[in-house]
Amino acid sequence: MDKMEGSFSVEDMQNVQINIGAVVKEVEEWDQPMGPFPYPSIATLRDWDFKLINRYRVFYSPICDRCTLCTYGPCDLTGDKRGACGIDQAAQQGRIVLLAVLMGCTAHCAHGRHLYHWTLEKFGDLPFKMGDEILVDAPLTRTITGTKPKTLKEFGPVLGYVEEQVAQLLACTHTGQEGNYRDFESKALHAGMLDSLGKEVSDMIQIIAYDMPRGDEDAPLVECGMGTLDKNKAILITYGHNLAGSAEAMFYAEDNKLWDKVDIGGVCCTAIDNTRIGEGLGYPEEIQTKYRMVGTKAKIAGAMGWWRKMVEANVMDCVMVDEQCVYTNALEECQEKKVPLIATNEKIMLGLPDRTNDPVDEIVDDLVNFRMPGVAIIDPIKAGEVGVRTAIAVKPKRADERKKAFITEEEFKKYAESCTYCHSCQFVCPPHIKIGDVVQEAAKGNLEPLSSTYEICVGCRRCEQACPQDIPILSLYAYANQEYIKNQKFKMRAGRGPVKDTEIRRVGAPLVLGTIPGVIAIIGCANYPNGTKECYDIAREFVDRGFIVTTTGCMAMDMSLYTDEDGKTIWEQFPGGFDGRNICNIGSCVSNAHIHGAAIKVATIFAGRNERANYDDIADYILSKVGACGVAWGAMSQKAASIATGFNRLGVPAVVQPHSVMYRRAFLGRTDKKEDWEIIDARDGSRVYCEPAPEHMLYVAESVEECMLMMAKLCFRPSDNSQGRMIKLTHYCDISMKYFGCMPPDWPIYVRHASDLPLKWKEDMMKELESKYGWEIDWKRKAILSGPIRKSDVSFDPTNIERKIRVKK
Amino acid sequence: MDKMEGSFSVEDMQNVQINIGAVVKEVEEWDQPMGPFPYPSIATLRDWDFKLINRYRVFYSPICDRCTLCTYGPCDLTGDKRGACGIDQAAQQGRIVLLAVLMGCTAHCAHGRHLYHWTLEKFGDLPFKMGDEILVDAPLTRTITGTKPKTLKEFGPVLGYVEEQVAQLLACTHTGQEGNYRDFESKALHAGMLDSLGKEVSDMIQIIAYDMPRGDEDAPLVECGMGTLDKNKAILITYGHNLAGSAEAMFYAEDNKLWDKVDIGGVCCTAIDNTRIGEGLGYPEEIQTKYRMVGTKAKIAGAMGWWRKMVEANVMDCVMVDEQCVYTNALEECQEKKVPLIATNEKIMLGLPDRTNDPVDEIVDDLVNFRMPGVAIIDPIKAGEVGVRTAIAVKPKRADERKKAFITEEEFKKYAESCTYCHSCQFVCPPHIKIGDVVQEAAKGNLEPLSSTYEICVGCRRCEQACPQDIPILSLYAYANQEYIKNQKFKMRAGRGPVKDTEIRRVGAPLVLGTIPGVIAIIGCANYPNGTKECYDIAREFVDRGFIVTTTGCMAMDMSLYTDEDGKTIWEQFPGGFDGRNICNIGSCVSNAHIHGAAIKVATIFAGRNERANYDDIADYILSKVGACGVAWGAMSQKAASIATGFNRLGVPAVVQPHSVMYRRAFLGRTDKKEDWEIIDARDGSRVYCEPAPEHMLYVAESVEECMLMMAKLCFRPSDNSQGRMIKLTHYCDISMKYFGCMPPDWPIYVRHASDLPLKWKEDMMKELESKYGWEIDWKRKAILSGPIRKSDVSFDPTNIERKIRVKK
Amino acid sequence: MAVDTTKNAVPFEMAQIPGPEMAKAYNTAVIGAIVKKAKRPLLVVGAELFEDPVMFDKAIEIGKTGVPIAATAHSIKGFVERGYTDNVTMIGLHPLTNYLRFKDWQGLDGKGQYDVVIFMGIFYKFASAMFSALKNFNRDIKRVSIDRYYHVNADMTFGNLAFDPEKYHEAIDEVIAKLAA
Amino acid sequence: MAVDTTKNAVPFEMAQIPGPEMAKAYNTAVIGAIVKKAKRPLLVVGAELFEDPVMFDKAIEIGKTGVPIAATAHSIKGFVERGYTDNVTMIGLHPLTNYLRFKDWQGLDGKGQYDVVIFMGIFYKFASAMFSALKNFNRDIKRVSIDRYYHVNADMTFGNLAFDPEKYHEAIDEVIAKLAA
Ligand code: SF4
Ligand code: SF4
Ligand code: SF4
Ligand code: SF4
Ligand code: SF4
Ligand code: SF4
Ligand code: SF4
Ligand code: SF4
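Protein chains in written order, with our numbering: chain W, 7 to 815; chain S, 7 to 815; chain G, 199 to 379; chain A, 199 to 379.
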């Protein structure tokens, strides 16, 4: 990061030159002293990382045994072989993990950097004010950099820091640099932390610039689903993560009163962010009149996993893509359906002609007359106008296309009957749908399998590519699900943004003591092992049990597609606060940073810790005391890797779906190693062997049932008081009984005292502790005399950091 | 890049606060107006890139048909298959290329960033002055950013720009971002340009801070080779690229008068930069007394490819590693030989304990007593002291080790005889040494094959890993080459740094007209297809022919290991200027930027073009008029990929060795497509079909003979005058006759006029043109009447850029 | 006649090609013999058994020959429902594999590390990755798949039998017979 | 008896495992027949022939059966020295492969794109990568290797014969015989 030193001249003061020896950020009205680690570099927090990985052993499952990264390669690294450069398999896996985390991290921080430039260009510098209920306003920025931005522009150095560190870290993946897996993992954790920071900056910028909700538990319910797109209007789809162009399309529609002619539907995170755009009421007065926002007028077309289903359903007239998570053959797929496509961001240009500097009329004319399948327009305002105008003008020209939206009955039959039951498709289907069988049934006239597996299909098109009969399987799906598509109309809560300080004040103590059993953060993408419904099931399970449930991104959209007996989506069933039995849609992928933020704020607001430049201390607090667990049940991309890694460095464990073995690395605890679970009592520096709480940091679950059990378990913390531990143990055992038919075998290790025991099984459990585990029980007092790993101690102050010891004993 | 705006407070002026609306870089004494593209972003120079790749078709040779980058994978992309994310094989290859180029680019810019922080910390801000002979002082910085740093600190924003763009580009490799191979390549070219910029900044910083030669054609001759390390002293090896720690070791030896006790030998680029440290005479007076430099006191132990041979030869007592190109099992290899290792840079920490904050005495004591095999010390000064002191103190303790440097005769025999001639080794040897045969001969007592293949072996140790008999093949090599090792003593010219303006003035016209037939830039690493000698052969061939030959990095070191009949190395044979029949060692890998710089300076100094923020114009000039060609004959790493790509964007072609197919991508022209070679005449905008000059941009040669032929050919430029073309054609045909036994079949396409024809074959060639190619010849006037692709036109002003047309016709 | 379990020896997810070291497909007699010969075998079963519940009965039959069972995911439920939990331990596949890769682990029963692990009924990609972890980081344990898929990262595996449930059942029965013999 | 050229069908550089699509090793009769049947075959020879000069003579024999030869690297020298340059063209392997991947290229003789390319005597890794380029980007051309290596990215190849020069020579002679027949 630049210290921003040098000699400058000031605009409008042409002949004044100020020569400055060293310019430092002004130290201003912030009562916290600077912590030990402002702007930490690669090695700064390495001690903390090593603490984590000493306990949570780095576990690798290579997906490829070879390396092909330099001209010495390919090298076979299987087993104990080394590459020509000397690298071994573990380090190589660490290297790939670091690369993946950096790819995810840069997706976020590059998004933030784009918004930074764009919002400054469009709105000028705006004060960074999150409102009276959010005074701890950029917790990651404060914790990591030790700074406290007061305007949007002041996030510049934060982004600069992220970028500098990213370059340092990427360099480490070069042949002949880092050579040890532990250091690769420390570097990956660093990158994960940078990822969280980049996300925070990105979301803070857009919250301020687009006047998004600043922690609104009553954020509006918005329309979600393919069925909500009004076929009587032109349908413009905005697809990706960066709302810049999409917002301009909306402003254009608003300014030109075109909402009765066009429906704007978002796909992926742009969808969520579209609906977060406010009314401009949060602006400083002087610009409130200058920029009119639109409020919640866009629709959520759907999550990333629905894209190809939308293509097949032919629900769009024009598409704008921006950045991230855009199927890379979107252009070809749109072209086939005569849907003009506009690329609006430098990151995705798809080989299209760059028309940024051409007149709007010409571009629209070219697109509407299909003279080219798409264009790149890097100016958001122009792109937005072209998008809306093209959608409206092309609609009549697409009448034929719209009519033949679905294949005909004859075509359907012909295709289905051409299946030779060769199984080729089944060798490539990620969720293992028995497509051959499904198609065979279809040929017999039974469409049920096509319906019941519609949501399980992830839309990867591998089956179509493998099919020697060229059967357009996704078209069969669309045909069989026409009614569903038409009626896919649900309500989702718009993204609320950060957690409020007031909310933290309310839940801080219950969380640390365990009486709110945990925060469950459901994040990620659309690559489900067994269908989208499982994300709804997870959410429902935990919100019902009184956990605080938060969600973001595609998960929030996908869980909106299911209703209870009363036809209510989860958003209609439960309130949107950061509290037990609530479910909040925090926002888009970058909003995940607010979950970190909430955890940090428990440490600062509830526990009064200084967060400033004090990352390891805060992470240690969270690891020891804040029962939170992330889950990425459809995790697809490198961003999911960086998000999880960022959670982990901050002491928050995460559970992921089985396809996530592609990430190659996990952090798993060994309960058979007592010494791994030694924790310091901050009161006197004494060492205490603790129960493994949490047991793992990054865990792949095989089934959604295991996922839920593990999440309940990973909410245990050494700081739980007896009531809290009792509640957590109850849920843990209860989920096990419900889905596994028995108690989890390791429940006793979480028992420190009889009052930790779930009331409903207390008697039986005590008997079992005595008979099976040989614990001494005082049956009169219903007390445990010996057996537990450690004794219950209400004032135990667990930490992993030496400098937190208050009095050395 | 941050525009560095905001509110600041000034040190020592605590209560003064300057609120600045917008701070902009001062526009100072620079007569050039700002060009069109300052600080270009991803899409800014895309038009130029597309011009390049329209002519030089992107050619991919996938090394792996699959992608394993996200949880949808692995995906098989063979042929026309697409991944689940929609990507096709071409785009996937482009993506991997972009990743590799970014890895290389960040290796360089992260190096620069480290030096930036470190030199500012150590020396404070220093004026950026390259001396009177170098007024165009940071050509890439000027051309790309449009700025002209006046102090070291002012390179900060340049690095910030590189880092910001790197983050943007890395984001593009995320699943679901860029989807078109052409845009991936445009992005890779952008990354290649950033790489060149990062290198320039790195080298400029170290030139200023360490008072390195500023373009000194008489840079001193330094000792090079394992045999130059004095076994009577302790031998400290400094290995890597970043001299910070190594320099401090030298300063410590100097200050404490320890040169009689310690020899410091460098490996890899640190070796070169060690010898570039000046006497401090280039400093401003006020600091000349403060920092004493050491001058050329270190030795060149060898290039990267010799590392494992050095390990086997046991020529070291202590090793300091810094960053880049360090064999990743250096720690294990050193530990085996009881050589303490000190990691001095965050990028390579090897899992070692971070002892940065421990007292020197304690660290040295631990190392000297082998209590730990190595330590990490991130403070260069402390690392330098520990390195020197450890080397000296450990030497006596290593007496036994030193004695058993080589295996004994019995061991040698035993090992050699244990070979079962199973061929396993031969399946893995990159240069295809028939090791089984070599070992069989050794068993018979014939050591010749071990000697004659010693330099061909790249030291990858794959054979040892594959050998079921566990034969330590590199130890056999060392045993058989003891005498060679002892006598490996040569002279190399220390790195001279940038090309001087005066030199450009001298060679500008001959270069553009072709009468100096070209600049040959020999760069790169130690992964030779057929031994190190070939780099000497290439250099010798071209310097002998009157080309300007420049070299850097490992190539410069490796070519120093050969002598002519008189026992003279190439540095002793030829002078070190930037001129025909000269060979200059520009410096280390980052010094490669000065070769770009020289090409840019031909455009600015000789042709008077404005370089400021004018990248495409300059690149167009170089492509059309500056006959230069890079060669990376031992190219190993991702840096070689980024270097070549950076050359390519600037219009300089490159030839690489056959292992370089691992880079997966080339840029190859099609001479059968006339339309690809249409060039604009800037005089009037007319379009001229030209000869393919240069024909390719990135080319893999199969043998060194083909490499040399291709380099000669790739020096052709449309701007060659008849004499120049005649000279170039002579070399081209002469090399072909010499190594191929015949004329190259395409010589006629380079003939525009009879005076283009080499004198020695003129008659025969004209006959052949007439008889075989049907050209019309006026035998009386010895003139060509028809036949050539275009007619000779001395005032033809070739360009590829519309805006360069002076008068539209 | 015995089922030919050596056919179709291509990865069930076609693109799962890790490198030069790839599993060999064996017939049931060889696989049965290897498991029988094992000193410390461990049968690892996953949640895919629920899709073909008769497989629980077969797993139990294997269990009854003395091979302890690790029930991953929620597969323990199938054993509980059948009243057979004697030598069945509930554990996640991920932590189980993590324990397996350490030479000093003492096993689910505390009696020592295993020498042969046998996978059955586990989500393909997950099983493949766990085999890979052992293949690369603990080569002392023999990796056997008796799942209906060709498992590239195992040492020994069947070819793909996923599309012929009967043959697959038969093959398992043959293995059981061999173990019980 | 014919040489068995189907053995040792593992990549000569062991780690060269690109993915699911890998070459099959064939015997000399099949390979000879495929080349003979080709409408537009092209023999591509490289500089490794210098290491085993008799191979130049064999290449010339193939050339004499009517198969045109592209001499890559400096291998043209071997033909010049033997006075055979009739249908031999000097060209780099890299640009040659680049031309081959375009369907509209008209061949070295301007008469049209080739349908079968046969590689021989080319640096292993380079040849492998060029086969890969064709495998992925022009699947109309059949890729045949008659080099002494198993070539994973070819369509048809020999197994590794690198350590048995005599057998390799014999195999080539068999191919020549088939072509000349
Ligand atoms: S980076 Fe190392 S392991 Fe990878 S190909 Fe190069 S030498 Fe082999
Ligand atoms: S598109 Fe759907 S059905 Fe086809 S392979 Fe992919 S997930 Fe399976
Ligand atoms: S690949 Fe095609 S033909 Fe074969 S089973 Fe699947 S749908 Fe039927
Ligand atoms: S949840 Fe995943 S797929 Fe959806 S927008 Fe975020 S990263 Fe992309
Ligand atoms: S990034 Fe694309 S091609 Fe690669 S594994 Fe994921 S879906 Fe497949
Ligand atoms: S160490 Fe040398 S001989 Fe052995 S495989 Fe590598 S290059 Fe060949
Ligand atoms: S691998 Fe070992 S035993 Fe086999 S031929 Fe090579 S040196 Fe001899
Ligand atoms: S030439 Fe290659 S190996 Fe040598 S220092 Fe430079 S990058 Fe490293």
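Note that CB positions come from ideal geometry on N, CA and C, so glycine has one too.
Interface partners of Q304(G) on chain W, CB under 9 Å: Reading the third sequence from its first residue, position 106 is the one you call residue 304(G). Correct list: D678.
8 Å CB neighbourhood of L165(W) in its chain, flanking five on each side removed: For the purposes of this step, residue 165(W) is taken as residue 159 along the first sequence, with counting starting at 1. The residues are C115, G118, R119, Y122, G204 and V207.
Start-to-end residues for the alpha helix (DSSP H) that takes in R546(W): Indexing the first sequence from 1 puts residue 546(W) at position 540. Counting along the chain, the alpha helix (DSSP H) containing R546(W) begins and ends at K539 to D550.
M498(S), DSSP secondary structure in three states: Sequence index remark: in the second sequence, residue 498(S) carries index 492 (1-based). Taken through DSSP and simplified to helix, strand or coil, M498(S) comes out as strand.
A213(G): contacting residues in chain A (beta-carbon distance under 9 Å): Locating residue 213(G) in the third sequence gives position 15, counting from the first residue. Within chain A, the residues near A213(G) are G217 and P218.
Own chain residues within Cβ distance below 7 Å of K159(W), not counting five before or after: Locating residue 159(W) in the first sequence gives position 153, counting from the first residue. Around K159(W): L126 and D131.
Close beta carbons around V33(S), own chain, < 7 Å, minus the five adjacent residues each side: In the second sequence, counting from the first residue as 1, residue 33(S) sits at position 27. Confidence at V33(S) is low in this model, with a pLDDT of 44, below 50, so the placement of that residue should be treated as unreliable; the coordinate-derived value is given next. Excluding positions up to five away in sequence, the list is empty.
Expected contact under 8 Å - CB spacing of P664(W) and W683(W) to nearest Å: For this step, residue 664(W) is matched to residue 658 along the first sequence. For this step, residue 683(W) is matched to residue 677 along the first sequence. Not quite, the Cβ-Cβ distance comes to about 27 Å (not below 8 Å), so this is no contact.
Whether L175(W) touches D55(W) by CB criterion (8 Å): On the first sequence, residue 175(W) is found 169 positions in, with the first residue counted as 1. On the first sequence, residue 55(W) is found 49 positions in, with the first residue counted as 1. Cβ atoms of L175(W) and D55(W): not closer than 8 Å.
DSSP state of P804(W) mapped onto helix, strand, coil: Here the question's residue 804(W) lines up with position 798 in the first sequence. Judged by DSSP in its simplified three-state form, P804(W) adopts strand.
Reference P219(W); option with closest CA among C560(W), A486(W) and G286(W): To locate residue 219(W), count along the first sequence from 1; it is residue 213. Nearest neighbour of P219(W) by Cα position, chosen from C560(W), A486(W) and G286(W), turns out to be G286(W).
Within chain S, partners of R337(A) - CB distance below 7 Å: If you number the fourth sequence from 1, residue 337(A) lands on position 139. For R337(A), the C-beta contacts it makes with chain S under 7 Å involve G85, in order along the chain.
Chain A contact residues for Y705(S), given Cβ-Cβ distances below 9 Å: Numbered from its first residue, the second sequence carries residue 705(S) at position 699. Those within 9 Å of Y705(S) in chain A are G290, H292 and P293.
Counted within 10 angstroms of its Cβ, other Cβ atoms place K388(W) as buried (16 or more) or exposed: As a position in the first sequence, residue 388(W) is number 382, starting the count at 1. If you draw a 10 Å sphere on the C-beta of K388(W), you find 16 or more other C-beta atoms in it, and that means buried.
Rounded straight-line distance, which links the Cα of Y167(W) to that of A177(W): Walking along the first sequence from the start, residue 177(W) turns up at place 171. Walking along the first sequence from the start, residue 167(W) turns up at place 161. For A177(W) and Y167(W), the distance between alpha carbons rounds to 16 Å.
Contact test: G530(S) Cβ vs ligand 8 heavy atom, cutoff 7 Å: In the second sequence, the residue the question calls residue 530(S) occupies position 524. If you check the C-beta of G530(S) against ligand 8, you find a heavy atom less than 7 Å away.
C-beta neighbour in chain S for Y333(W), strict 8 Å: Position 327 of the first sequence, counted from the first residue, corresponds to residue 333(W). Closer than 8 Å: yes.
Span separating the alpha-carbon of P226(S) from that of T281(S): Walking along the second sequence from the start, residue 226(S) turns up at place 220. Walking along the second sequence from the start, residue 281(S) turns up at place 275. Using only the alpha carbons, I get a separation of about 9 Å.
Close beta carbons around K810(S), own chain, < 6 Å, minus the five adjacent residues each side: Taking the second sequence and counting its residues from 1, one reaches residue 810(S) at position 804. These residues qualify, in order along the chain: A688.
Beta strand (DSSP E) runs contained entirely in the stretch 577–635 of chain W, provided each spans 3 or more residues: The DSSP assignment places complete beta strand (DSSP E) segments of no fewer than 3 residues inside the stretch 577–635 of chain W at 588–593, in order along the chain.
Beta-carbon gap between V549(S) and I589(S) smaller than 8 Å: Walking along the second sequence from the start, residue 549(S) turns up at place 543. Walking along the second sequence from the start, residue 589(S) turns up at place 583. The Cβ atoms of V549(S) and I589(S) lie closer than 8 Å to each other.
Any chain A beta carbon closer than 8 Å to P455(S): The residue you call residue 455(S) lines up with position 449 of the second sequence. Chain A has no Cβ within less than 8 Å of the Cβ of P455(S).
Below-8 Å beta-carbon distance, A660(S) vs any chain A residue: As a position in the second sequence, residue 660(S) is number 654, starting the count at 1. No, its Cβ sits nowhere closer than 8 Å to a Cβ of chain A.
Beta-carbon neighbours of G559(S), restricted to chain W and to distances below 9 Å: The sequence position of residue 559(S) within the second sequence is 553, counting from 1. Contact annotation for G559(S) against chain W: no contact, minimum CB-CB distance about 13 Å [criterion: below 9 Å].
Range covered by the alpha helix (DSSP H) that runs through Y738(S): For this step, residue 738(S) is matched to residue 732 along the second sequence. Run containing Y738(S): S728 to F746, per the alpha helix (DSSP H) assignment.
Host beta strand (DSSP E) of F65(W) (start-end): Taking the first residue of the first sequence as position 1, residue 65(W) is located at position 59. Secondary structure note for F65(W): its beta strand (DSSP E) is the uninterrupted segment Y62 to Y66.
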